[in-house]
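Heads up, the thing below is written out as structure tokens.
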Amino acid sequence: MTGFIIRRLLYSIPILLGTTFLLFLIFNVVPGDPALQIAGRHASAESLATIRSELGLDQPWYTQYFMMLKQYLQLDFGRSYAYKTKIIDMISDGAGASLSLLLPPFLISIFLSLGLGIFVAINRGRWNDRAAVAFSVGGQSISLLVYILAGQYFLAYKWGWFPISGYDTSWSGRWEYLVLPSIIYVVLSLAPQMRFYRTVILDELYQDYVRTARSKGLGTGPIMFRHVLKNALIPIITDVVISIPFLILGALLLESYFSIPGLGDIIVRAIANNDRPVLMSMTVFGTMAYIVFNVISDILYALADPRVEVR
Numbered sequence: 002m003t004g005f006i007i008r009r010l011l012y013s014i015p016i017l018l019g020t021t022f023l024l025f026l027i028f029n030v031v032p033g034d035p036a037l038q039i040a041g042r043h044a045s046a047e048s049l050a051t052i053r054s055e056l057g058l059d060q061p062w063y064t065q066y067f068m069m070l071k072q073y074l075q076l077d078f079g080r081s082y083a084y085k086t087k088i089i090d091m092i093s094d095g096a097g098a099s100l101s102l103l104l105p106p107f108l109i110s111i112f113l114s115l116g117l118g119i120f121v122a123i124n125r126g127r128w129n130d131r132a133a134v135a136f137s138v139g140g141q142s143i144s145l146l147v148y149i150l151a152g153q154y155f156l157a158y159k160w161g162w163f164p165i166s167g168y169d170t171s172w173s174g175r176w177e178y179l180v181l182p183s184i185i186y187v188v189l190s191l192a193p194q195m196r197f198y199r200t201v202i203l204d205e206l207y208q209d210y211v212r213t214a215r216s217k218g219l220g221t222g223p224i225m226f227r228h229v230l231k232n233a234l235i236p237i238i239t240d241v242v243i244s245i246p247f248l249i250l251g252a253l254l255l256e257s258y259f260s261i262p263g264l265g266d267i268i269v270r271a272i273a274n275n276d277r278p279v280l281m282s283m284t285v286f287g288t289m290a291y292i293v294f295n296v297i298s299d300i301l302y303a304l305a306d307p308r309v310e311v312r
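In the working numbering, the protein residues as written are 2 to 312.
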């Protein structure tokens, strides 16, 4: 297992290098002068030349690329062009807000959708199963923006149950602002996840070992929780673990519309301000998160199913 983890991490190095190189090329092709963006339109030529020298923009492209790699290896993502603050500080500040917003509803949606998926799979073909499938299709057909606007209008503005938007940085004060976006996240996630888990459970219910267990007199509960759910862990692990980087990066629309200063809001503001260092840093950060959690998912495969060989 240790050798497998080391190999997977070594394999991730070319992926990271390729990602950073493509990003470097893309952001160097994008029109606009970073020095002019930092100094302003009325800056003198001397000021622009000084800024270009400080940022290394007067160096050849390959020198700039290796300077960028060196910074990233030192966890120094530079400074934001728009706010002049260190990007690593922006990430650390925004990560707390994003995880506070997304982690609780993420866990709730997993357990709730898994329980509903098991229930409707057991009752396949009945009215509750058909109703659940219709709910899943309908829920997936509605945009996140519709959920946000409807929740803000009815639950917050019309009925006054929750604040429309805002955020409190204190640990005890932030939760009243996070309840409404958390509810929206759970409702949005429930439809696709329940349908996915239903399909996974149904695939296992028609296997030969289930018929054998039933012929031996085992009930639905023992069959489901001792055998079916255990054998369905591989796709469930994949779905859960690969979703975790979204929690780290934040939910862009939720954080933007509810004025929550998380990582998603940082990305939205960086796009609006053409803040290239922030956009590059967040993209690289997301790539690293996906690589790490892919390795974690492979390890969990081997732990969940002894038939999976780690090679």
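Cβ atoms here follow ideal geometry from the backbone N, Cα and C, with glycine treated the same way.
- Exposure of D59 is indicated by the presence of fewer than 16 other C-beta atoms within 10 angstroms of its C-beta.
- Note on geometry: alpha-carbon atoms of I109 and L76 lie some 33 Å from one another.
- Where N275 is concerned, there is no enclosing alpha helix (DSSP H), because DSSP gives it neither an H nor an E.
- Here DSSP, grouped into helix, strand and coil, assigns R80 to strand.
- Beta-bridge analysis with DSSP links K87 to R80.
- The DSSP-derived three-state label of S173 is coil.
- The C-alpha of S173 lies about 25 Å from the C-alpha of I245.
- Counting C-beta pairs closer than 8 Å gives three or more between the stretch 92-111 and the stretch 183-197, which meets the contact rule.
- Per DSSP, the unbroken alpha helix (DSSP H) holding I149 starts and ends at 145-151.
- For P223, the number of other beta carbons within 10 angstroms of its own is below 16, and it is reported as exposed.
- Contact annotation: G95 and L248 have beta-carbon atoms that are not nearer than 8 Å.
- Contact between the stretch 80-98 and the stretch 274-282 is present, with at least three C-beta pairs closer than 8 Å.
- The C-beta separation of V188 from Y148 comes to about 6 Å, placing the pair in contact by the 8 Å criterion.
- The C-beta distance from L102 to I261 rounds to 6 Å, short enough to fall under 8 Å.
- Excluding its 5 nearest sequence neighbours in each direction, L253 has C-beta neighbours in its own chain below 8 Å: G265, D266, I268, V269, listed in chain order.
- Cβ-Cβ distances below 6 Å link E205 to V229, N232, A233 in the same chain, with the five nearest sequence neighbours on each side left out; the list follows chain order.
- Using a Cβ distance threshold of 8 Å, M195 and L117 count as a contacting pair.
- Less than 8 Å divides the Cβ of S137 from the Cβ of A192.
- Around the beta-carbon of F286, 16 or more other beta-carbon atoms lie within 10 Å, marking it buried.
- Beyond the five residues adjoining it in sequence on each side, Q72 comes within less than 8 Å, by CB distance, of F78, G79 in the same chain, given in chain order.
- Shown here, N124 sits in coil according to DSSP, grouped into three states, outside any helix or strand.
- In the DSSP annotation of this structure, the continuous segment of the alpha helix (DSSP H) that includes V211 starts and ends at 209-216.
- Here S114 is buried, its C-beta having at least 16 other C-beta atoms within 10 Å.
- With a 10 Å radius around the Cβ and a threshold of 16 neighbouring Cβ atoms, S142 comes out exposed.
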